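Student:
There are 2 protein chains.
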Amino acid sequence: MQNMLTPPGFTEITPTSAIDVDRHGGRAKCLQRLIRLDMPVPRTVALDFNTVHDISLGQLPDIERLLSVFGPDPLLSVRPSSLDPDWGGPSAILNIGMNDAAHARLTESHGEDAANALYLRFIRAYGVHVSRLDPDEFELTGSPDAEAVAKALAHFHEETDESFPQDIATQLSEVLRAMARAWEGTTARLLREARGAPTDAGLGLVVQQMALGVGKGLSGSGVVQFVSGTTGEREIRGRYLCKSQGRDALNANGDVMYLSRDERGRSIEEVLPDCYADLMRYGDLTRNRLREEMQIEFTIENSQLHILDAVRVPRSPRANLIIAVALARDAIISEEEAVMRVPPRSLSEMLHSQVDPEGPRDVIVSGIAASPGAATGKIVFSSRAAQALAAQDEACILVRRETTPEDIRGMHAAKAVLTERGGITSHAAVIARGLGLPCVVGANEMKLDSKAKTLRTADGRVLTEGDVITIDGSAGEALMGAAEMQEPDLGDEFQTLLHWADRARDIGVRANADTPADAQKARTFLAEGIGLCRTEHMFFDRERLLAMREMIFADKSEDRRAALDRILPMQRADFAQLFRIMQGQPVTIRLFDPPLHEFLPQGHEGMAELAEALDLNVGAVTRRVEALSEFNPMLGMRGVRLGITVPEIYDMQARAIFEATLDSSEEGGKPVVPEVMIPLVSAKREVEIVKARIDAVAAAVKAERGRDFDYRLGVMVETPRAALRAGEIAQHAAFLSFGTNDLTQMTYGLSRDDAGRFMGRYVQQGVYAEDPFHTLDVDGVGELLEIGAERGRRGNSDVVLGICGEHGGNPESIAFCRDAGFDYVSCSPYRVPVARLAAAHLAIASRGKGRPRVTR
Amino acid sequence: MQNMLTPPGFTEITPTSAIDVDRHGGRAKCLQRLIRLDMPVPRTVALDFNTVHDISLGQLPDIERLLSVFGPDPLLSVRPSSLDPDWGGPSAILNIGMNDAAHARLTESHGEDAANALYLRFIRAYGVHVSRLDPDEFELTGSPDAEAVAKALAHFHEETDESFPQDIATQLSEVLRAMARAWEGTTARLLREARGAPTDAGLGLVVQQMALGVGKGLSGSGVVQFVSGTTGEREIRGRYLCKSQGRDALNANGDVMYLSRDERGRSIEEVLPDCYADLMRYGDLTRNRLREEMQIEFTIENSQLHILDAVRVPRSPRANLIIAVALARDAIISEEEAVMRVPPRSLSEMLHSQVDPEGPRDVIVSGIAASPGAATGKIVFSSRAAQALAAQDEACILVRRETTPEDIRGMHAAKAVLTERGGITSHAAVIARGLGLPCVVGANEMKLDSKAKTLRTADGRVLTEGDVITIDGSAGEALMGAAEMQEPDLGDEFQTLLHWADRARDIGVRANADTPADAQKARTFLAEGIGLCRTEHMFFDRERLLAMREMIFADKSEDRRAALDRILPMQRADFAQLFRIMQGQPVTIRLFDPPLHEFLPQGHEGMAELAEALDLNVGAVTRRVEALSEFNPMLGMRGVRLGITVPEIYDMQARAIFEATLDSSEEGGKPVVPEVMIPLVSAKREVEIVKARIDAVAAAVKAERGRDFDYRLGVMVETPRAALRAGEIAQHAAFLSFGTNDLTQMTYGLSRDDAGRFMGRYVQQGVYAEDPFHTLDVDGVGELLEIGAERGRRGNSDVVLGICGEHGGNPESIAFCRDAGFDYVSCSPYRVPVARLAAAHLAIASRGKGRPRVTR
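Keeping their order, the protein sequence lines are chains A and B.
Just so we're aligned: 262 in my numbering is position 262 of the first sequence, and the numbers increase by one with no gaps anywhere.
Just so we're aligned: 1784 in my numbering is position 784 of the second sequence, and the numbers increase by one with no gaps anywhere.
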């Protein structure tokens, strides 16, 4: 009666039974597909998510009825079947049904060794996974003789105060219950949530008739796949172990057999050619019909092939990309599906050298993984030393307490950066990501003595300048010596996939690029222009720095102008070079932003030098330096505030930009339409004042050169007030580019340079769900972006909206910006591929739904 | 025909003619009132605003027709009549109609001297105000003989190439045109706008028949009022000058006559008793019927009294208040009208000592007027020196480059503060306003040498410690020596007026008070509780500071707790004292807010001392101090971030608050409901975590003492994010108090400590309409207040909303907060009276319209 009213909760998998991946999980569905392809899959029953959840609550399905599917005295396996195999699940349990009687039967049919081995194996699995006994007590050493079985049964009795269960229904019930409960445990839940599973993800289970693999002769089990999980190249790889079960062959060292003749030793191809031929055929079938590279688990018993299971081939990010492209090229999947099969973030790892994960690691200090990739070089403690070594073509690693803008040239010269202080968005981290330099910050266990030029590691070793270390920016570690490396090779497939992605994408992707090298990278990664070119680094060249300092010390406008005039030709050349590289693509140049004191020396020695260079007395220099120092430089006299109070700087920069625009087009390049961006705006009037001066400079350059050119003037929205007042600001701006770094700092009242000290604990305790400098804070900063975008567009329906903070390359941020109707995102060159792919994912995923774009 | 279609634009003032203050101005209306009171006002015609505006554009009314009102050959005066007399206007011009013929007639009727005097006077006025000739050329020296008249006429001809006009219609036309155009000039417009006039404010004119005052005997003119413009006390004050016109008597030195016998010399009361009696009667009439203390301008010609004009008695803020209260007490005006007659800001000046404006001023340096009032004392250059002098009861002035929290005790000890750096919201300025200390900041023309302990003034004088100076915080100046002072005397009327204000007010006013002295002041000024009690100053006492430092250097929670346990009893006593003073009124205590590095010494010497005190080596101390230093302390590890990462501090403070609550009620005081406020919140979870700990401390204290008490836990909204997320934050908060200082900093991305360097220029250039730290930025910060209030109330309909930034005491901010539905404002004790009065103004002004309060 009950069976007629409620479904039994389990379903035998047949070609036509109702198996649904959303109810029974991926493994159950995959097994049904194998069955439909006529593969010899042993009889299998699937338990759905609800049933397993009920089991975890103590309510079992009709076990006797379930057992009846398999005929009398079966031996069974139970395996997990969640929606996504990556979410993990309890270990498979084999040989359910082994008891004294089965042992006797098996001794007869397969011999005593085989019977003992299976019984011992099951007692151990049951003891550990069901009765939660200590696994160490069950180590299966020695020969699987009768004594070992007796000992195991006695141990089980001793520990549990119960005899080992002999009834198969009891065994199966307890196994199902244990697996169902394991899924509900906190650790398992956290683990799978970390892998992207929803909180209420369900577990299905598959109960399968055992194919024993312990029979006579060549009986055994193995695993085969048709592609390399490391390179993604097509090749037959497999292992087989006689008298084994499940995946034993993968872990065995000794008597393992290989699949094909091409592999090292004795092969199935030679000894069991029929089985081999079937496996090859099954490989083709799975690839073409399951549309995926599968790893097939099989058992051969008495020359009879059984296919027990198939899973996606575990693979490196790189292999995943190559497999996806190959499947699409073979027309097995569509190009869009190939795009969707490559997680955007997985590209990052392919763009950088990596420390060989197999190589030895001598970690000298750990910190925050601030910029991925790895590099080896000699330790230097100053930018000057870095430049000196770079001049001799020696690789070096810049090690600093923290970096300042004065270290930019040192960072350019170094192969990697290690800092004692700072967080994921500290100066060192931001610049390193921009440069694509491996970087570890906040390595606060090391002690730097910059005078003595020593680095004391966490474990007390003392390194000095010139010692070789390796920075693993992906792992956030510094390693002693030159670690073994894996070099990146982007290859044809990489470009092909991104090319397919670009076809689908509907939001622009630009790069943040300050230098010709950055710009070149931006081109390589097919960025659609430069969304943020910071100009301050252009003032740190020795000659320019002196002119800057003269400018700072000048009291009269003419003198400031004269000092800046010396920088003008150099800056013009900088811009012309950028324009040439970008070949007519948009280049957004942010006008000078940092506080002037960043250009002044700090120590007494530096001030004395400067005094001499400027022919002033040291007291005057010291006073000026002190007068310019600020309590909170982030919130001080910088950006447009400087542009308004010392207008000569912007005048010079505007002239350099416009003259470079003409120069580069005269050289026959594509015409450039430079975008001039005003930083740190908080009021409309600031834009009006700067715009009037910039327009005047443009008019003057046009008149002097007798030639016309276009340019756009826009505003960097990075204060909360600029976002709130975007409506009126946009009336004077051709574009609004949202600087989410500063906007996050000001919205939270949180300096990214100082947040490192507690951000870790804050995220750990869940005070902030994520580091807002790492993942865009949708609730707070995001609302300001939405307000700014909406009001900006209302104030000026033609305004172009972009985002140029560090968040620009994050897939989540791109989704947010796309929803808010932004025209483009801009990010570090190395994140451009990630952004292009992420944007394509969003566009494809919302296909049909259409882009939720603000009507313009 | 034309006259029938368009009104003539002028109206003779009669008791019943249509004179309207909104069209003809205050003077015209006042004259009509005098006429209605049967005073002998000469025939008068009023020109309305439109007519005068048309005149300025060249379109004159029918002058002949206007003249016809006055009969043949009149002599006339023209005076300005704007809506509000305070808005200024062109000078009156008398004796229009004087020409050769009139001169001849007057010579006959009044004698040659009188005729010459009037003619000369008119030629000069006409030349200067109509023909714009140099006033110096017309100095009326020497006797007014025929030669002088001839010379004046010749000078006029020479300068203008035209004869002096003889036709009265021409004279009047030109005078009207000149006065109309003067009103439209830029300077006049800026001047009156600065006094609160709208951009389109109109000018009316009154044309009046002259009462000459140059007749025989005692003929002349004078001015009388019945109240002191300085003290507001009732007394007859008047001056009269024979053979004079207009207000000559006020400026004359010699032969002036007084009004009443009680005054110094010969009096009108004696020599013209009938006129005197009439004037006394007119005084009573104006006071009772015009409901104001008026100054009456009169002329006596041949014993005949003429009333020419009456204006509000010019008065000091203090006199204004006393007059308003007296009028209300005499039931001439209502109490509410008295309240409305006192501008809120005018109270500030009454609360502080002032430098006597008549006394000599030797200014040594100018800066920003950061906190009003004046004080004299000896210069000290350190807080230590300030405390030392205070201990000897010697008044001292603390002079610093800038102040830091370590200077708090020095500021408490000093009588006034002078700093070289900082703006209106620098540390020195904020604290000084809170303490009611006169303060000048940003006096960057002086040079401080704190080592040599000298102050070099702008003009090169060098002062040393112990030299006496006076700080005039109202003028923003430091004066040499002990300047002459005027002491404040609030008096009974002050309290009476505020009592009336409180009856009308519908938004609460609390005080920001950190110390018992502040709290006492808050009580004196009838604040309704403390809206912000900052607790950091409580840690700067020598003994506590050492415990704080021990806490900072402790590595384990127990050690931190042990160090803080030593501060607990002192802090408990602090709070108990505050609660006793506030007698059951709400006290909002902000938990510890500043970064820890503020509690560490700065120089090498200080570190060495600290190392000895803590028994550590200097290197370890230096390293810890360096490790705690921050790039942007404002955006760093402070407020709730400290509360979460070093929770022992808030635990101790909560315990101190709750134990003090019980202690003070055990002493028989009114029960206190302390309000505990969490600073720098940016995420809901911060509130949840702190709330859980505070609630636990409360439960523990209740259990230990076996007694119950109430408390409220609230949040200081001072990050943009907290305002945006106020909805969810309010769910865990009994109140939200908006800290507009920090909110302004973060909304603009602008540090108040650093803004001083360019704020002046920014406001001058109109980049910001106002300094946003001084006047609430309604467009940006204001929108966040509105968003926060609205969402907070939606999230928790019982939440109490307050504002506790420096803006809290500004009338404009109070208006804004009232409109946004806030429950109270909190401000420095010295601004409480201003706030109470401003709030009353708003409530009365919106009476009928009702308070635009958000529905709860």
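No residue lacks a Cβ here, since even glycine has one placed at the ideal position from N, Cα and C.
Small disclaimer: the values here were computed from a predicted structure and weren't measured.
Expressed to the nearest angstrom, what Euclidean distance is found between the alpha-carbon atoms of ILE379/A and ILE1364/B?
Tutor: 56 Å
Student: Distance, Cα to Cα, ASP492/A vs ASP823/A?
Tutor: 29 Å
Student: Can you find a C-beta in chain A that's less than 8 Å from the C-beta of GLN1209/B?
Tutor: Chain A contact via Cβ: absent.
Student: Relative to chain A, which residues along the segment 1406-1422 of chain B have a C-beta separation below 9 Å, given in chain order?
Tutor: ARG1421
Student: How far does the alpha helix (DSSP H) with PHE553/A in it reach, from first residue to last?
Tutor: Segment 542-553, the alpha helix (DSSP H) holding PHE553/A.
Student: Whole-angstrom Cβ separation of GLY197/A and ASP84/A, contact assumed at under 8 Å?
Tutor: According to the sequence provided, residue 197/A is Ala. The question's Gly does not apply to it. Contact flag correct, Cβ pair sits at about 7 Å.
Student: With burial defined as no fewer than 16 other Cβ atoms inside 10 Å of the residue's Cβ, what is the status of SER1371/B: buried or exposed?
Tutor: buried
Student: LYS151/A lies in the alpha helix (DSSP H); which residues open and close that run?
Tutor: Looking at the DSSP string, the run of the alpha helix (DSSP H) that includes LYS151/A is 146-160.
Student: Within this structure, are the beta carbons of GLY423/A and GLY756/A separated by less than 8 Å?
Tutor: yes
Student: Starting from CYS396/A, trace the beta strand (DSSP E) in both directions and tell me its first and last residue.
Tutor: For CYS396/A, the uninterrupted beta strand (DSSP E) segment begins and ends at 396-400.
Student: Alpha carbons only, please: which of GLY1222/B, ARG1264/B, ALA1101/B and ARG1409/B is nearest the one belonging to GLN1295/B?
Tutor: Per the Cα distances, GLY1222/B.
Student: According to DSSP, what are the bridge partners of MET1485/B?
Tutor: VAL1355/B
Student: Tell me whether the beta-carbon of LEU463/A lies closer than 8 Å to the beta-carbon of THR457/A.
Tutor: yes
Student: My understanding is that ILE1307/B touches PRO1040/B, with C-beta atoms under 8 Å, so please give their C-beta distance in whole angstroms.
Tutor: In this structure, ILE1307/B and PRO1040/B form a Cβ contact; the two beta carbons are roughly 6 Å apart against a cut-off of 8 Å.
Student: Does THR740/A come within less than 8 Å of chain B when only Cβ atoms are used?
Tutor: Not closer than 8 Å to any Cβ of chain B, the Cβ of THR740/A fails to qualify, so no.
Student: Tell me which residue opens and which closes the beta strand (DSSP E) that HIS1306/B is part of.
Tutor: 1304-1312
Student: Between the segment 1728-1737 of chain B and the segment 1668-1686 of chain B, are three or more C-beta pairs nearer than 8 Å?
Tutor: yes
Student: Is any beta-carbon of chain B found at less than 8 Å from that of THR745/A?
Tutor: For the sequence presented, residue 745/A should be read as Gln rather than Thr. Under the 8 Å criterion on CB atoms, GLN745/A is classed as interfacial with respect to chain B.
Student: Could you check whether PHE49/A and GLY185/A sit closer than 8 Å to each other, using their CB atoms as the reference points?
Tutor: no
Student: Less than 8 Å separating the beta-carbons of LYS1415/B and ALA1375/B?
Tutor: yes
Student: So for CYS1804/B, helix, strand or coil by DSSP?
Tutor: Looking at CYS1804/B - three-state DSSP - the assignment turns out to be coil, as it is neither helix nor strand.
Student: Consult DSSP for PHE735/A and reduce its assignment to one of helix, strand or coil.
Tutor: strand
Student: Just verifying my parser: in three-state terms, what is the DSSP assignment at GLY1727/B?
Tutor: helix
Student: By the criterion of Cβ-Cβ separation under 8 Å, what are the contact partners of GLY766/A in chain B?
Tutor: ARG1685
Student: Would you call the CB atoms of PRO829/A and GLY436/A closer than 8 Å?
Tutor: yes
Student: At a CB distance below 9 Å, what residues from the segment 1748-1766 of chain B approach chain A? Give them in sequence order.
Tutor: TYR1748, GLY1749, LEU1750, SER1751, ARG1752, ASP1753, ASP1754, ALA1755, ARG1757, PHE1758, ARG1761, TYR1762, GLN1765 and GLY1766
Student: Does the beta-carbon of ALA843/A have 16 or more other beta-carbons within 10 angstroms, so that it is buried, or is it exposed?
Tutor: buried
Student: Let's test the definition: count the other Cβ atoms within 10 Å of the Cβ of HIS604/A and tell me whether it reaches 16, buried, or not, exposed.
Tutor: Classification for HIS604/A: exposed.
Student: Who are the neighbours of GLY780/A on chain B, taking C-beta pairs under 7 Å?
Tutor: ARG1721, LEU1724 and ARG1725
Student: Whole angstroms are fine: how far does the CA of MET1716/B sit from the CA of LEU628/A?
Tutor: 32 Å
Student: Ordered along the chain, which non-local residues of its own chain (more than five positions away) have a Cβ less than 7 Å from that of LEU272/A?
Tutor: LEU218, ILE300 and SER303
Student: Determine, using beta carbons only, whether PHE1579/B and GLY1669/B come nearer to each other than 8 Å.
Tutor: yes
Student: Counting only C-beta atoms, is PHE1298/B closer than 8 Å to chain A at any point?
Tutor: So no, PHE1298/B is outside the interface.
Student: By the 7 Å beta-carbon criterion, what residues does the segment 1600-1630 of chain B contribute toward chain A?
Tutor: Of all residues in the segment 1600-1630 of chain B, the ones placed with a Cβ closer than 7 Å to any Cβ belonging to chain A are GLU1630, in chain order.
Student: Any Cβ of chain B within less than 8 Å of the Cβ of GLU783/A?
Tutor: yes
Student: Only counting the same chain, and skipping five residues up and downstream in sequence, which positions put a Cβ closer than 6 Å to that of LEU1279/B?
Tutor: VAL1224
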